[in-house]
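The block underneath contains the structure these notes are about, expressed in structure tokens.
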Amino acid sequence: MKITIDQLSKIYPNGNRALHDVHLEIENGMFGLLGPNGAGKSSLMRILVTLMKPSHGKVTMNGLDLEKDRKEIRKMLGYLPQDFRFFSKLKTYEFLDYAARLAGIKSGKRRADAVDRMLEEVGLFEARDRQANRLSGGMKRRLGIAQALINEPKIIIVDEPTTGLDPEERIRFRNLLSTISTKDVIIILSTHIVGDISSTCKSMALLNQGELAYSGSPDDLVEQAVGKVWLINASEREYQEINEKYPVISNVPTSEGWEIQLVADEINGYNGHAIDPNLEHAYVYFMESRLNQWTAG
Ligand code: ADP
Numbered sequence: 001m002k003i004t005i006d007q008l009s010k011i012y013p014n015g016n017r018a019l020h021d022v023h024l025e026i027e028n029g030m031f032g033l034l035g036p037n038g039a040g041k042s043s044l045m046r047i048l049v050t051l052m053k054p055s056h057g058k059v060t061m062n063g064l065d066l067e068k069d070r071k072e073i074r075k076m077l078g079y080l081p082q083d084f085r086f087f088s089k090l091k092t093y094e095f096l097d098y099a100a101r102l103a104g105i106k107s108g109k110r111r112a113d114a115v116d117r118m119l120e121e122v123g124l125f126e127a128r129d130r131q132a133n134r135l136s137g138g139m140k141r142r143l144g145i146a147q148a149l150i151n152e153p154k155i156i157i158v159d160e161p162t163t164g165l166d167p168e169e170r171i172r173f174r175n176l177l178s179t180i181s182t183k184d185v186i187i188i189l190s191t192h193i194v195g196d197i198s199s200t201c202k203s204m205a206l207l208n209q210g211e212l213a214y215s216g217s218p219d220d221l222v223e224q225a226v227g228k229v230w231l232i233n234a235s236e237r238e239y240q241e242i243n244e245k246y247p248v249i250s251n252v253p254t255s256e257g258w259e260i261q262l263v264a265d266e267i268n269g270y271n272g273h274a275i276d277p278n279l280e281h282a283y284v285y286f287m288e289s290r291l292n293q294w295t296a297g
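Residue numbering for the sequence shown follows the UniProt record's numbering, starting at 1 and increasing by one per position.
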């Protein structure tokens with residue numbers, strides 16, 4: 001599978017510019033789309049699932065044109081939107097059966113098989129008779145992904161799936177996606193949570209204010225922040241100054257003052273040393289260095 005996005009832009013009728021000249025190639029496996037709120041992630045997702053047309057640019061999926069071949073493309077897609085809701089009163093398996101009907105699986109036997117298989121795959125078989133809207137937050141998300149997968153899509157698009165989940169459920173959901181991504185499919189995971197990306201995605205993109213700020217592997221992004229993340233022991237007086245000057249990642253009080261983690265090209269005379277960056281550090285470094293805030297002072 002391959003998705004090619006070329007010169008994609010979106011301007012809403014009210015003049016909001018959500019995407020600007022985005023170029024991206026996405027191949028098999030799990031792809032992370034990371035960016036702060038308002039970066040343009042949902043706009044890009046909505047374009048990819050054919051719910052909205054771009055203002056400019058072209059998208060192809062396995063050679064099919066998003067504009068001209070909408071019907072065929074829709075058959076390849078599975079989508080879990082951010083604000084996914086269940087119809088009241090339906091039991092878990094009834095809901096999936098309904099989703100299977102919508103996906104065009106006409107034979108009752110094939111539908112029943114698909115529903116059972118999906119319930120097993122997402123770990124909801126035991127909960128099949130429970131009312132869907134009474135499931136826990138994590139179970140609802142898993143049922144959401146089950147409905148997106150019911151017709152064996154080749155491209156699966158998941159928008160902010162772990163928002164509101166506790167850490168255990170978040171890990172479980174991530175592991176579920178990464179199991180699916182071993183097949184011949186593309187999974188696009190859109191999120192503002194850095195931790196959702198690091199452990200599961202072999203490639204990723206960073207969107208900022210509608211523009212593509214980075215695309216590549218999470219490891220290469222981290223590599224760019226080597227030597228740029230610092231641990232500083234600061235006095236109370238320095239603490240104020242540092243907070244004004246640098247993008248600070250964390251502050252921990254110590255007996256002598258503060259232990260501060262920050263990102264910067266250099267720390268001009270403060271008492272500290274560079275530490276190994278992780279993806280969260282790299283994300284902050286990347287976003288901040290583009291804004292060029294700390295060199296201004
Ligand atoms: P994200 O998903 O990264 O939070 P969005 O794609 O939702 O970003 O939003 C990108 C930009 O487009 C924001 O400035 C947002 O206010 C604007 N936007 C999103 N949807 C609409 C809309 N329907 N009409 C006008 N502006 C919109």
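Glycine is no exception: its CB is placed at the ideal position from the N, C-alpha and C atoms.
None of the values given here were measured: they were computed from a predicted structure.
- With a threshold of 7 Å, the Cβ atom of residue 214 does not count as near the ligand ADP, since no heavy atom of the ligand is closer than that.
- Around the CB of residue 82, fewer than 16 other CB atoms lie within 10 Å, so the residue is classed as exposed.
- Straight-line measurement puts the Cα of residue 259 at about 11 Å from the Cα of residue 248.
- In chain order, the residues that have a beta carbon nearer than 6 Å to some heavy atom of the ligand ADP are 12, 14, 16, 18, 35, 37, 38, 39, 40, 41, 42, 43.
- In this chain, the beta strand (DSSP E) harbouring residue 253 covers 248 to 253.
- Just so you know, the alpha carbons of residue 102 and residue 21 end up roughly 34 Å apart.
- Within its own chain, the residues whose Cβ lies closer than 6 Å to the Cβ of residue 27, once the five positions on either side in sequence are excluded, are 2, listed in chain order.
- Around the CB of residue 174, 16 or more other CB atoms lie within 10 Å, so the residue is classed as buried.
- Under the criterion of beta carbons closer than 8 Å, residue 169 and residue 195 do not qualify as touching, at roughly 13 Å.
- By the Cβ-count criterion, residue 214 is buried, with 16 or more other Cβ atoms from all chains shown falling within 10 Å of its own Cβ.
- Going by C-alpha positions, residue 250 is about 45 Å away from residue 91.
- Residue 281 is classed as buried because its beta carbon has at least 16 other beta carbons within 10 Å across all chains shown.
- Per DSSP, the continuous beta strand (DSSP E) segment holding residue 214 begins and ends at 211 to 216.
- Between the stretch 27 to 42 and the stretch 64 to 74 there are fewer than three C-beta pairs closer than 8 Å, too few to call the two in contact.
- Judged by DSSP in its simplified three-state form, residue 21 adopts strand.
- When beta bridges are read from the DSSP output, residue 163 appears opposite no residue.
- For residue 263 and residue 80, the gap between their C-alpha atoms comes out near 35 Å.
- By the CB criterion at 8 Å, residue 285 and residue 205 fall outside the cutoff.
- By the Cβ criterion, the stretch 266 to 281 is in contact with the stretch 222 to 237, since at least three pairs of Cβ atoms, one from each stretch, lie closer than 8 Å.
- In the DSSP annotation of this structure, residue 31 is not part of any alpha helix (DSSP H); the continuous beta strand (DSSP E) holding it starts and ends at 29 to 34.
- Under the three-state reduction of DSSP, residue 65 is assigned to strand.
- In the structure shown, residue 9 falls within a strand segment according to DSSP collapsed to helix, strand and coil.
- DSSP places residue 181 outside both helix and strand once states are collapsed to three, so it counts as coil.
- Residue pairing of residue 187 in beta bridges, as defined by DSSP: 30, 156.
- Note that the stretch 51 to 63 touches the stretch 4 to 13; at least 3 beta-carbon pairs, one per stretch, sit closer than 8 Å.
- In terms of Cα proximity to residue 165, the closest of 146, 183, 193, 149 is 193.
- In the structure shown, residue 104 adopts coil according to DSSP, grouped into three states.
- For the 8 Å CB-CB criterion, residue 191 and residue 160 form a contact.
- For residue 241, the enclosing alpha helix (DSSP H) covers residues 236 to 245.
- Excluding five sequence positions before and after residue 11, the CB atoms of its chain that fall closer than 8 Å to its own CB belong to 17, 18, 55, given in chain order.
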